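Below: the structure, in C-alpha cells.
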Amino acid sequence: MMSLLREILELIRPDFQRDRVVPSTGVTARLTGFTAGAMGFLVVFALALSLAADRLGQRWSAALAQTATVRISAPADQVEMQVAAVLDILATTPGIQTARSLTAEEQQNLLQPWFGTDLPLEDLPIPRLIDITEDEAGFDAAGLRLRLAAEAPGAVLDDHARWRKPLVQAAGRLSWLAMVCIGVIGLTTAAMVILAARAALAANAQVIAVLRLIGAKDHYIAAAFVRRFTLRAFVGANVGVALAALALFALPGAADHVAVLSGLRFQGLEWAALIAVPPVLALVALLATRYAAMRVLEGLS
Amino acid sequence: MIDLDGAAYSYGGGELLSDMSLAIVQGGFYFLTGPSGAGKTTLLKLCYAALFPTKGAIRLFGQDVTTMSRDDIAQIRRRIGVVHQDCQFIDHLSVQENIAMPLSVSGSATLAEDANLKELIAWVGLTHRAKALPPELSGGERQRAALARAIIMSPDIIIADEPTGNVDWEMSERLLTLLVELNKLGKTVVIATHDLSLIRSAKSQVQARILRISNKKLQLAGANL
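In order, the protein sequences belong to chains A and B.
Per my numbering, residue 312 is the first one in the first sequence, and the count goes up by one each step.
Per my numbering, residue 34 is the first one in the second sequence, and the count goes up by one each step.
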C-alpha cells in the first residue's frame with residue numbers, strides 16, 4: 312500500500328523535462344478532458360440522486376414512524392358517537408402518546424391536491440380521521456383493533472406499516488442504484504482514458520523508442536504520460552463538476568415542496584462532496600493511464 | 034564488456050545469425066561489416082539488449098541479458114551510447130534538449146543549460162543549431178546530434194549503426210574523427226558499416242579490429258580490406 316502511494320506520488324511529481332517529452336496537443340488531450348468533464352457532470356447528478364433518495368427514505372421513515380391513523384366510516388348520525396368512543400379507547404391504550412381527531416379544514420387540506428379547493432366535504436361520505444402519535448414503547452396494534460371492533464365497528468386502524476416499509480425500501484434501492492451508477496461512470500472513465508492513453512502511446516511510438524534507447528525505465532516513460540493524462544482529467548472533471556453544480560443549484564430546493572425532485576439539490580455540507588469528485592476522477596485516470604502505459608511498454612524491447 | 038558466447042538469433046522460423054562468439058573489450062575500436070541484410074543491425078541490437086539471443090548467451094558488463102529485468106536493461110543502456118543511421122529524435126524538443134535528454138532520464142541533471150552540455154554541443158559543431166528542432170537539421174547535423182546524445186552520459190561503449198550512411202564524404206570523415214577521439218579517451222567504439230573507404234580511412238588513425246558477418250556467422254576480416 313505504501314509502495315503504491317509512493318509510486319503515485321512519484322507519478323504526479325512535476326518534472327519539467329519529463330513533462331515536455333510528450334507533446335501537449337492532440338485529439339487524445341481533448342478526448343480525455345471532455346470525457347472527464349462529462350463523467351464529472353454525471354457523477355454529480357448520480358451523487359445528488361443517491362443523497363436525495365437517502366434523505367427521502369429518512370423523511371418518509373421519520374414521517375410515518377410512530378404514527379398511526381384511525382379511519383371511521385359510519386352512518387352520519389353515528390359518526391360523532393364513534394369518534395368519541397374511539398378517542399376514549401385511545402386515551403386509555405398504553406403506548407399512545409396523543410390522539411386527535413382531524414378537523415374538517417385539515418381533512419379538506421389533505422384532499423385538496425386531488426380534488427381542488429371547492430370540495431363540498433360536508434356533502435361527501437368522507438371518513439373521519441384520528442391522528443395517533445405513539446410513545447417510545449409503541450402500542451399493541453392487534454389488541455387495539457379488537458377493542459375498536461367492539462366499541463366502534465366503523466373504525467379501522469392503519470399503523471402505516473404497509474406503506475412505510477416498501478417506501479423506505481424503494482428509497483434505499485434508488486440510493487444504491489445511484490451508487491452503482493457512480494461505479495459504472497468510474498469504470499467507463501477508466502475505459503475511455505485507457506483507449507485515449509493507448510492512442511497517445513501509439514502516436515508517440517518514436518518518442519518511446521528514443522527514450523528506451525537512451526536508457527529510460529518504463530516507470531519514467533509511463534510517468535510522462537500518466538501526469539499528462541491525470542492533469543487533463545483533473546481539469547476536465549473540474550469543469551464538468553462546476554457545470555453540474557450550477558445546474559443543481561438552479562433546481563428547486565427541498566423547501567420549495569416540488570414533489571420528489573424537490574430534494575435533488577445538495578443540502579448543507581453535502582456540497583462539500585463535490586470537492587472530492589475531480590481528485591477521484593483524476594485518480595481513476597492516473598491508474599488507467601499507468602495500466603495502459605505499462606502494458607504497452609512491456610510489449611516493447 | 035560485451036561477450037557473445039555461441040549466440041544465435043532466429044526470427045520467423047529462420048536463423049538470421051548463428052553461433053557467434055566475440056569479446057568486445059574496453060578501449061577497443063571495432064568495425065562490423067558485411068553485405069546489406071547480413072545482420073549487422075541485428076547483431077548490434079543484440080549488443081545493447083534491444084533483441085535477445087534465441088541460442089547461446091550474451092553478457093553485457095558481466096550480466097546475462099536473458100536474466101536481466103527491464104529496469105536493469107534500461108540501466109545498462111545508459112552505459113552504451115547508440116547512434117542509429119536514421120537517428121530518431123523527439124521532434125518537438127530542441128536539439129539541445131534532445132542531447133540533454135539522457136541526463137534527465139537518468140536523473141543526474143535536469144538543466145539543459147549545463148556548461149558541459151554546451152561544451153559537448155560545441156565539440157560536435159552544433160552550437161549554432163542548438164535551439165533548432167531536429168527536423169530542421171541536415172543529415173550530417175542529425176548524425177552529430179545523435180552522437181552527442183549518445184556520449185553525454187559518458188558511456189563505456191559507443192555503438193554506431195551506419196553512422197555515415199546518409200552523409201557526404203567530408204561529414205563521414207568528421208564523424209569518424211569524433212569517434213576516434215572518443216576511442217582515444219578510452220571509450221570502446223563499435224561501428225557497423227558497409228563503407229570500406231571509411232574503414233580504410235580509420236586504419237590510418239586507429240588500431241581497429243574488423244569483423245565481418247558472412248553466411249550468418251561472424252569472422253575476423255583479413256587485411257585486404
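Glycine residues also receive a C-beta, built at the ideal position from the N, C-alpha and C atoms.
None of the values given here were measured: they were computed from a predicted structure.
Alpha-carbon to alpha-carbon, residue j and residue i
i         : j         : result
ILE224(B) : TYR63(B)  : 6 Å
PRO325(A) : SER51(B)  : 47 Å
HIS117(B) : THR87(B)  : 23 Å
ALA604(A) : MET490(A) : 29 Å
PHE310(A) : ARG576(A) : This structure gives no information on residue 310(A), because the portion of chain A shown stretches from 312 to 612.
LEU258(B) : PRO68(B)  : The predicted position of LEU258(B) is uncertain, since its pLDDT is 45 and thus under 50; no value can be drawn from it.
LEU401(A) : ILE407(A) : 7 Å
GLY497(A) : LEU126(B) : 35 Å
LEU459(A) : ASP365(A) : 36 Å
SER137(B) : LEU362(A) : 48 Å
ARG543(A) : ALA583(A) : 22 Å
LYS250(B) : THR75(B)  : 12 Å
ALA82(B)  : ILE106(B) : 7 Å
ARG514(A) : THR499(A) : In the sequence on display, residue 514(A) carries Ala and not Arg. Cα to Cα, the separation comes out at about 22 Å.
ALA179(B) : MET134(B) : 11 Å
VAL397(A) : LEU422(A) : 23 Å
ARG411(A) : LEU457(A) : 20 Å
ALA593(A) : THR99(B)  : 38 Å
GLU174(B) : LEU159(B) : 7 Å
LYS236(B) : LEU211(B) : 14 Å
VAL550(A) : THR541(A) : 14 Å
Interface flag, residue i vs chain A, CB-CB below 8 Å
i         : result
VAL157(B) : no
PHE122(B) : yes
ARG175(B) : no
VAL115(B) : yes
ARG182(B) : yes
CB contact check: residue i to chain B, cutoff 8 Å
i         : result
PRO334(A) : yes
GLN328(A) : yes
ARG331(A) : yes
ASP567(A) : For ASP567(A), the pLDDT reaches just 49, beneath the cut-off of 50, and the residue's location in the model is therefore unreliable, although a value from the coordinates is still provided. It does not: the Cβ of ASP567(A) has no partner Cβ on chain B nearer than 8 Å.
GLU581(A) : no
Where the alpha helix (DSSP H) through residue i begins and ends
i         : result
PHE62(B)  : It is not in any alpha helix (DSSP H) - PHE62(B) instead sits in the beta strand (DSSP E) that spans 62 to 66.
VAL617(A) : This structure does not reach residue 617(A), given that chain A is present from 312 up to 612, and the question cannot be answered.
GLU391(A) : 387 to 402
ASP201(B) : No alpha helix (DSSP H) holds ASP201(B); DSSP gives it neither H nor E.
LEU522(A) : 516 to 524
LEU50(B)  : No alpha helix (DSSP H) contains LEU50(B), which is instead part of the beta strand (DSSP E) from 47 to 57.
VAL157(B) : First-last for VAL157(B): undefined, no H or E at that position.
GLY427(A) : From DSSP, GLY427(A) is part of no alpha helix (DSSP H); its letter is neither H nor E.
GLY173(B) : 172 to 184
TYR531(A) : 529 to 561
SER230(B) : 229 to 236
GLN129(B) : 128 to 139
Spatial neighbours of residue i in its chain, beta-carbon cut-off 6 Å, leaving aside the 5 residues before and after
i         : result
ARG92(B)  : ASP36
ARG112(B) : PRO188, ASP189
PHE122(B) : ASN131, PRO167
ALA357(A) : ALA489, CYS492, ILE493
GLY219(B) : GLY60
ALA599(A) : ALA501, VAL504, ILE505
ALA354(A) : Here residue 354(A) turns out to be Val, not Ala, going by the sequence shown. For VAL354(A), where only same-chain residues beyond five positions count, the Cβ hits under 6 Å are ILE493, ILE496, VAL588.
LEU172(B) : The sequence given here places Gly at residue 172(B); Leu does not occur at that position. The residues are ASN199, VAL200.
Residues near residue i by beta carbon distance below 8 Å, same chain, minus five either side
i         : result
ILE57(B)  : MET34, ILE35, ASP36, TYR63, CYS80, ILE190, THR221, VAL223
ARG329(A) : TYR531, ALA534, ALA535, ARG538
THR197(B) : GLN176, MET204, SER205, LEU208, LEU209, THR226, ASP228, LEU231
LEU215(B) : ILE184, ILE191, VAL222
Range of the contiguous beta strand (DSSP E) that encloses residue i
i         : result
VAL116(B) : 113 to 116
GLN222(B) : Correcting the residue identity first, residue 222(B) is Val in this sequence and not Gln. First-last of the beta strand (DSSP E) with VAL222(B): 221 to 225.
GLU462(A) : That residue, GLU462(A), is in no beta strand (DSSP E); its alpha helix (DSSP H) goes 452 to 462.
Beta-carbon proximity list for residue i, same chain, < 7 Å, skipping 5 on both sides
i         : result
SER372(A) : ARG475, VAL479
VAL546(A) : GLY344
VAL239(B) : PHE62, VAL213, ASN216
>> Counting only Cβ-Cβ distances shorter than 7 Å, please list the residues of the stretch 515 to 549 of chain A near chain B, keeping chain order.
In response: Cβ contacts with chain B: GLN517, VAL518, ALA520, VAL521, LEU522, LEU524, ILE525, GLY526, ALA527, LYS528, ASP529, TYR531.
> Name the residues in the stretch 124 to 139 of chain B whose C-beta lies less than 9 Å from a C-beta of chain A; which are they?
Replying inline: Flagged, chain order: ASP124, HIS125, LEU126, GLU130, ASN131, ALA133, MET134, PRO135, LEU136, SER137, VAL138, SER139.
> Using a Cβ cut-off of 7 Å, which residues of the stretch 482 to 511 of chain A contact any Cβ in chain B, in chain order?
Replying inline: Listed by position along the chain: nothing, the set is empty.
> Got a sec: which bits of the stretch 86 to 113 of chain B sit with their beta carbon under 9 Å from any beta carbon on chain A, in order along the chain?
Replying inline: Going along the stretch 86 to 113 of chain B in chain order, one finds ARG103, ASP104, ILE106, ALA107, GLN108, ILE109, ARG110, ARG111, ARG112, ILE113 with a Cβ nearer than 9 Å to chain A.
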